[in-house]
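Numbering (my numbering), first residue to last: 1 to 292.
Glycine included, every Cβ here is placed at the ideal spot set by N, Cα and C.
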């Protein structure tokens, strides 16, 4: 703590075993107030009359009267030499004007009081009191902290959305590439299937042509044998001149017609050898395929 060096309160502090900074000797209240307001010292011993008369320094919200000590002090005038004879006059004056002296002191000094509640109770109740300075300070601090948290949250959300958008874009590209690969594979498979089907149809077409040409050749041969001898030579010449290597692919109706002609020829010919030489046709209905 601190006190005015050499004052009555300084001597009281020494008697109370107070911890003074003996290297620093303070001579005025302004210097003590600066040390107290900057938290360089924990407390100050000051005369009650001084505190009452210097409220501009010590009546602050962050300062409080922690304890009041009652001690006796003497105020007077010291005389020496021949002036000691005036002591009797001074004492007579004080006794006659004691009321006036105390009135003068009361008019120039304001009394101070110790805080009715302990510091811990005062601080704890002030936290929830809307009219207290501590409550307002805490409210401002909390509002400031809330504003900072909201600002940080907005910044974090913006950064998160930007990163998420950048992360989604490569995934979209990968999906596009994957879809393109799948489509390419599907087209390749379809192409191979179409090519395979075309080869099968081509082979089937060749078989049908061979069967049709064989049936046509056998039919002509049978007709030639049924002709009169006089017309065989001319029919033979026409048959030999005809190019049997070419033909058309017959549909189901033509196959039905050929089958009907075969049946009629079988009924007309009694020779079993001729019947065996005929190429039998079998037509499947719904599949629209013919086998010779």
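Item: In this structure, does DSSP put residue 50 in helix, strand or coil?; Value: helix
Item: What are the start and end residues of the alpha helix (DSSP H) that includes residue 33?; Value: 29-37
Item: Looking at C-beta atoms only, is the number of pairs between the segment 7-16 and the segment 42-50 that lie closer than 8 Å three or more?; Value: yes
Item: Quick one: grab the DSSP three-state call for residue 219.; Value: helix
Item: Is there contact between the segment 61-72 and the segment 19-31, where contact requires at least three CB pairs shorter than 8 Å?; Value: no
Item: Between residue 13 and residue 1, which are expected to be in contact by the criterion C-beta below 8 Å, what is the C-beta distance as a whole number of angstroms?; Value: 7 Å
Item: Under 8 Å Cβ to Cβ from residue 54, same chain only, skipping five residues before and after it: list those, please.; Value: 29
Item: Out of 20, 103, 133, 18, which one is the CA nearest neighbour of residue 60?; Value: 133
Item: Classify residue 194 as helix, strand or coil using the three-state DSSP reduction.; Value: helix
Item: Please state whether the Cβ-Cβ distance between residue 298 and residue 48 is less than 7 Å.; Value: Absent from the structure is residue 298, since the part of the chain shown begins at 1 and ends at 292.
Item: Classify residue 162 as helix, strand or coil using the three-state DSSP reduction.; Value: helix
Item: In whole angstroms, give me the CA-to-CA distance for residue 193 and residue 209.; Value: 24 Å
Item: DSSP state of residue 72, grouped into three classes?; Value: coil
Item: Within 10 angstroms of the Cβ of residue 215, are there 16 or more other Cβ atoms? Answer buried if so, exposed if not.; Value: buried
Item: Can you tell me whether residue 241 is buried or exposed, with buried defined as 16 or more other CB within 10 angstroms of its CB?; Value: Unreliable positioning characterises residue 241 in this predicted model, as indicated by a pLDDT of 47, which lies under 50. A coordinate reading is not provided.
Item: Give a yes or no on whether the C-beta atoms belonging to residue 57 and residue 93 are separated by under 7 Å.; Value: no
Item: Is it right to say residue 16 is buried, meaning 16 or more other beta carbons lie within 10 angstroms of its own, or is it exposed?; Value: exposed
Item: Per the DSSP calculation, residue 44 is bridged to which residue(s)?; Value: 2
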